[in-house]
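In the working numbering, the protein residues as written are 139 to 372.
Just so you know, even glycine gets a beta-carbon here, dropped at the ideal spot from N, CA and C.
None of the values given here were measured: they were computed from a predicted structure.
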C-alpha cells in the first residue's frame, strides 16, 4: 500500500500528518529515508518512525468495549483516546481497525498488524458490522425495504450499499451494513427524517463484543476471532 496510507493505518496519524512526517525525513526503511508518500510498501514492512519500529515482534489483537467521550485516535488535544484505556507496552503502536464516533459505544478492535486491519477496513473487503441503535422517533416499517435497496445520503452521489435492518422496538433496531462512510448510520436515519440518539456496535464480521467486558474494559482476541477476519462471507 502507499506509504502515507500505511502510516495512517498503523499509527492513527492522519494522512496529512503522515505526509508531514515523510517530508521531515522522520520515516525510514532498512536505514534509508523514505521521501515519497506514494511509495509502495508491504503492510508488514519494518518501517521506522524516528528510529522506532512501527511493527511489534508479535502482532497484537484486542477487542475493547468503548465508552462514550473517548475518541478512536492515537492522540487528541481535547479528549481521552481509546489508547488511554489500555495497560499494554507501547500502546502507541496499536491502531484502531474501524473507528467509532466519540458518542458511539461498543466494539473496537485494536492491532499493530496492518494487513489484518486492512482486511477489516478496506471497502473492497465488504466486512459487515452490526449495530444496535435507538432513534428519536418511531421507526417506520418501510425503512427495512429502503435500507435494503440503499438510500442517498446528503452530499453523497452514490446510494448506500444494501443494509439489513431489524426493527426490535418502536424506536429500537439492529442494523447490519458493510460500508463505513462518515457518520453513516446516523445519516441513513437522517435521510428518513429520523435521528439516532444512541448507537452501539455489537459485532465486526464474526467477532462479537464479549458481553463480559464492561465499558472501558478490553481483552486479547482468541485465535478463532483473529483468524475469522481472513474467512470469506463476513
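Contact check for residue 270 and residue 312: beta-carbon distance about 5 angstroms, within the 8 angstroms limit, so the pair qualifies. Listed in chain order, the non-local C-beta contacts of residue 171 below 6 angstroms within the same chain comprise 163, local neighbours out to five positions each way being set aside. For residue 246, the enclosing beta strand (DSSP E) starts and ends at 243-249.
Excluding five sequence positions before and after residue 202, the CB atoms of its chain that fall closer than 7 angstroms to its own CB belong to 220, 223, 246, 248 and 356, given in chain order.
For residue 311, the enclosing beta strand (DSSP E) covers residues 310-315.
Distance from the Cα of residue 147 is smallest, within the candidate group 169, 255, 173 and 229, for 255.
Under DSSP, no beta-bridge partner is assigned to residue 176. Going by beta carbons, residue 279 and residue 335 fall outside the 9 angstroms limit.
318 is the residue among 305, 309 and 318 whose C-alpha sits nearest the C-alpha of residue 298.
DSSP places residue 260 outside both helix and strand once states are collapsed to three, so it counts as coil.
Boundaries of the beta strand (DSSP E) around residue 267: 267-273.
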